[in-house]
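Asks: Have a look at the structure that comes next, please.
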Amino acid sequence: MAMGQSVLDVDDNNFESEILKADKPALVDFWAPWCGPCKAIGPAIKELEETYGNSIIFARCNVDNSPNTPTQYSIRAIPTLILFQDGKVVDQVVGAVPKSHLEEFVKKVL
Amino acid sequence: MHQDLYDVAIIGCGPAGLQAAIHAASKKAEVIVFGRARKSGLYKAHIANFCCYERPISGKDLLEAGRKQAESFDAVFVEEDIIETKNENNLFSLVTESGDTFTSRTLVLCLGVTRKKLRVKGEKELVGRGVSYCVDCDANFYKDLDVAVVGNESAAAIGAVTLLSYAKTVYLICRKLMTTDTLYEKLKNSNVKIIEDTWVKEVIGTNEVEGVLLKNGETLKVNGIFVERGAKSALELAANLGVLFDTEAVSFIEVNKKQETNIPGLYAAGDITGQPWQIAKAVGEGCVAGIEAAEYAKKLAGA
Numbered sequence: 001m002a003m004g005q006s007v008l009d010v011d012d013n014n015f016e017s018e019i020l021k022a023d024k025p026a027l028v029d030f031w032a033p034w035c036g037p038c039k040a041i042g043p044a045i046k047e048l049e050e051t052y053g054n055s056i057i058f059a060r061c062n063v064d065n066s067p068n069t070p071t072q073y074s075i076r077a078i079p080t081l082i083l084f085q086d087g088k089v090v091d092q093v094v095g096a097v098p099k100s101h102l103e104e105f106v107k108k109v110l
Numbered sequence: 111m112h113q114d115l116y117d118v119a120i121i122g123c124g125p126a127g128l129q130a131a132i133h134a135a136s137k138k139a140e141v142i143v144f145g146r147a148r149k150s151g152l153y154k155a156h157i158a159n160f161c162c163y164e165r166p167i168s169g170k171d172l173l174e175a176g177r178k179q180a181e182s183f184d185a186v187f188v189e190e191d192i193i194e195t196k197n198e199n200n201l202f203s204l205v206t207e208s209g210d211t212f213t214s215r216t217l218v219l220c221l222g223v224t225r226k227k228l229r230v231k232g233e234k235e236l237v238g239r240g241v242s243y244c245v246d247c248d249a250n251f252y253k254d255l256d257v258a259v260v261g262n263e264s265a266a267a268i269g270a271v272t273l274l275s276y277a278k279t280v281y282l283i284c285r286k287l288m289t290t291d292t293l294y295e296k297l298k299n300s301n302v303k304i305i306e307d308t309w310v311k312e313v314i315g316t317n318e319v320e321g322v323l324l325k326n327g328e329t330l331k332v333n334g335i336f337v338e339r340g341a342k343s344a345l346e347l348a349a350n351l352g353v354l355f356d357t358e359a360v361s362f363i364e365v366n367k368k369q370e371t372n373i374p375g376l377y378a379a380g381d382i383t384g385q386p387w388q389i390a391k392a393v394g395e396g397c398v399a400g401i402e403a404a405e406y407a408k409k410l411a412g413a
């Protein structure tokens with residue numbers, strides 16, 4: 001499931017500038033193209049982006065291409081979604097969770 | 111290695127799968143059905159609300175009768191789980207737990223819904239910190255570490271073998287393995303350390319998984335535990351084909367009135383499309399899916 005252009009692709013190189021030093025909170029979806037559950041939550045994330053995209057950065061990080069960032073955040077399962085604010089982790093959620101659960105989750109930084 | 115090309119392949123032999131098989135096969139489509147009847151939620155149930163059966167009937171009896179009925183229309187049954195699905199050149203290829211490959215013009219998913227979690231102490235707290243429900247997704251995070259897989263069926267057995275390519279030590283914790291002989295032999299001849307006749311009592315760890323406590327009193331030091339109950343789930347088998355799931359629960363496959371998913375030639379029926387989880391709904395959807403799949407396959411074959 002290809003996501004729209006509005007979900008930002010981040011990697012090991014630009015993670016600091018795009019997420020940690022961003023002037024807005026960010027939701028980062030750590031995923032991989034071969035991961036079924038990651039594909040399954042794609043549409044829910046896209047829908048949330050349409051609702052909250054103005055106040056929160058929606059980004060995704062392919063763990064295959066960027067091994068350092070997942071290690072830094074002790075990621076051991078995908079999809080893992082981490083919410084960042086002012087360079088710090090606010091909270092994280094693991095697995096293909098329901099959209100309502102994700103919505104409550106992103107509201108933590110609103 | 112099977113080379114035959116089927117018109118309709120059905121994963122799951124509960125009421126949805128059986129009804130799909132009966133309708134597709136009665137339309138003269140070449141039909142193959144995968145799965146084990148005893149895994150249907152219906153198998154152990156007694157049904158008192160299914161139309162036209164005034165007295166409660168046993169699920170087992172219904173399923174056995176349905177299989178005979180489908181076989182009378184020449185549907186072929188393979189009592190194995192599917193561990194991999196691919197969609198290439200308008201054809202679906204399916205790999206069974208024994209490693210056989212089957213090809214079909216259409217695919218009907220009647221996988222039902224299964225409980226994935228163990229519901230033991232420490233499990234919920236350590237999800238994503240060593241507790242995983244998807245070997246295919248997360249094996250790569252356990253390079254040179256020690257892991258345990260827990261489960262009694264094909265997903266656990268295949269998962270354990272897969273993890274051997276990544277982890278240092280792989281344990282398989284099971285009450286009793288229920289797989290095909292081929293898969294069992296493969297497992298026995300591998301480096302997987304099988305611990306039978308027990309189950310997980312508790313997942314140990316504070317910030318991350320440090321071990322598992324077994325019901326036999328033994329403690330295994332592991333960095334990760336993969337919970338792989340039953341067969342591979344729709345999320346693992348179907349999401350890779352690009353199938354859309356409902357966004358609300360991310361558990362159910364989205365279908366239209368024809369039981370079509372967003373992928374041409376791919377259908378879903380029964381519990382996997384959402385509630386109500388009733389035999390009546392399952393057979394209704396199975397009927398539609400079977401007819402639609404058979405017609406689609408005919409068009410494809412004639413093209």
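If you're matching them up, the sequences are chains L and G in order.
Here the working numbering is used: position 39 in the first sequence is 39, and no number is missing along the way.
Here the working numbering is used: position 121 in the second sequence is 231, and no number is missing along the way.
All residues carry an ideal CB built from backbone N, CA and C; glycine is no exception.
(1) Going by C-alpha distance, which of G:N366, G:T279, G:E140 and G:L410 is nearest E395 (chain G)?
(2) Just checking: is the beta-carbon of A26 (chain L) within a distance shorter than 9 angstroms of some beta-carbon in chain G?
(3) Under a three-way DSSP split, which group does F160 (chain G) fall into?
(4) Look up A26 (chain L) in the DSSP assignment and give the residues it is bridged to.
(5) Between A392 (chain G) and C162 (chain G), is the Cβ-Cβ spacing less than 9 angstroms?
(6) When the cut-off is 9 angstroms and only beta carbons count, does T357 (chain G) lie next to chain A?
(7) Looking at C-beta atoms only, is the number of pairs between the region 351-367 of chain G and the region 253-266 of chain G that lie closer than 8 angstroms three or more?
(8) Classify H156 (chain G): buried if its beta carbon has 16 or more other beta carbons within 10 angstroms, exposed otherwise.
(9) Any idea if R148 (chain G) is buried or exposed, counting beta-carbon neighbours within 10 angstroms, 16 or more meaning buried?
(10) Find the residues of chain G that neighbour S6 (chain L), judging by a C-beta separation of less than 9 angstroms, and give them in chain order.
(11) Please decide whether Y252 (chain G) counts as near chain L, where near means a Cβ-Cβ distance under 9 angstroms.
(12) Hey, is I78 (chain L)'s beta-carbon within less than 9 angstroms of any beta-carbon in chain G?
(13) Terminal residues of the continuous beta strand (DSSP E) containing D256 (chain G)?
(14) Is the CB-CB distance between A139 (chain G) and L217 (chain G) below 9 angstroms?
(15) Would you give the residue range spanned by the beta strand (DSSP E) that I373 (chain G) belongs to?
(16) Does any CB atom of chain L fall closer than 9 angstroms to the CB of E181 (chain G)?
(17) Please compile the residues from chain G whose C-beta is within a distance smaller than 7 angstroms of the C-beta of I41 (chain L).
(18) For V97 (chain L), go through chain G and note every residue whose CB falls closer than 8 angstroms to its CB, in chain order.
(19) Thinking C-beta only, is A258 (chain G) closer than 9 angstroms to V237 (chain G)?
(20) With distance defined between alpha-carbon atoms, name the residue in G:K137, G:G261 and G:K368 nearest to I304 (chain G).
(21) Pull up the DSSP beta-bridge partners for Y281 (chain G), would you.
(22) Which of helix, strand or coil does DSSP assign to I78 (chain L)?
(23) Expressed to the nearest angstrom, what Euclidean distance is found between the alpha-carbon atoms of G269 (chain G) and D86 (chain L)?
(24) Residue range of the alpha helix (DSSP H) that A135 (chain G) falls in?
(25) Give me the Cα-Cα distance between I78 (chain L) and T371 (chain G), rounded to the nearest whole angstrom.
Replies: So, to answer that:
(1) Of the candidates G:N366, G:T279, G:E140 and G:L410, the one whose C-alpha sits nearest the C-alpha of E395 (chain G) is G:N366.
(2) So no, A26 (chain L) is outside the interface.
(3) Coil at F160 (chain G), not helix or strand.
(4) According to DSSP, which records beta bridges pairwise, A26 (chain L) is partnered with L:I57 and L:F84.
(5) Not in contact: A392 (chain G) and C162 (chain G) (Cβ atoms no closer than 9 angstroms).
(6) Among the chains of the structure shown, chain A does not appear; the protein chains present are L and G.
(7) Touching, no.
(8) By the Cβ-count criterion, H156 (chain G) is exposed, with fewer than 16 other Cβ atoms from all chains shown falling within 10 Å of its own Cβ.
(9) Exposure of R148 (chain G) is indicated by the presence of fewer than 16 other C-beta atoms within 10 angstroms of its C-beta.
(10) Ordered by position in chain G, no residue passes the 9 angstroms Cβ test against S6 (chain L), which lies about 17 angstroms from the chain.
(11) Yes, because at least one Cβ of chain L sits closer than 9 angstroms to the Cβ of Y252 (chain G).
(12) It does: the Cβ of I78 (chain L) has a partner Cβ on chain G nearer than 9 angstroms.
(13) D256 to V260 is the span of the beta strand (DSSP E), which, as asked, contains D256 (chain G).
(14) No, these two residues do not count as a Cβ contact at 9 angstroms.
(15) Careful: I373 (chain G) lies outside any beta strand (DSSP E) and carries neither H nor E.
(16) By this cut-off, E181 (chain G) is not an interface position.
(17) Neighbours of I41 (chain L) on chain G, chain order: V360.
(18) Near V97 (chain L) (Cβ distances below 8 angstroms), the residues of chain G are V360.
(19) Contact: no.
(20) Minimum Cα distance to I304 (chain G) is reached at G:G261.
(21) DSSP links Y281 (chain G) through a beta bridge to G:A258 and G:K303.
(22) In the three-state DSSP reduction, I78 (chain L) falls in the coil class, being neither helix nor strand.
(23) The alpha-carbon atoms of G269 (chain G) and D86 (chain L) are separated by roughly 39 angstroms.
(24) Unbroken alpha helix (DSSP H) run through A135 (chain G): P125 to S136.
(25) Between the alpha carbons of I78 (chain L) and T371 (chain G) lies a distance of about 25 angstroms.
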